[in-house]
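Take 449 as the starting number for the sequence shown in my numbering and just add one per residue.
Using N, Cα and C, we set each Cβ at its ideal position, and we do this for glycine too.
To keep things clear, I will list the structure first and then write my remarks on it.
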Amino acid sequence: MASFTSIDLTKFDLTPSGRAARLAVDATYVTVGLSLLTFQRIQVRRREFERSLRR
């Protein structure tokens with residue numbers, strides 16, 4: 449069987465990884481928000497185009 453070495457993580461600083469995680473969450477929110485706005489804009493243009501064809 450393989451033996452695993454013990455690693456002491458009690459003095460490991462998690463602050464930088466917390467910042468990176470928060471940045472990733474913020475970037476995800478921005479990406480989703482912009483995607484929704486783009487989708488809505490495309491829907492509006494499609495409806496305007498359909499209305500112009502009916503006239």
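Cα-Cα separation between residue i and residue j, rounded to whole angstroms
i	j	result
Thr486	Tyr477	14 Å
Leu471	Ser500	43 Å
Val480	Ala450	44 Å
Val492	Arg502	16 Å
Thr458	Asp474	28 Å
Ile455	Ala468	23 Å
Ser483	Arg489	10 Å
Where in the region 453-500 do unbroken runs of the alpha helix (DSSP H), each at least 4 residues long, occur, reported from the N-terminal end onward?
none
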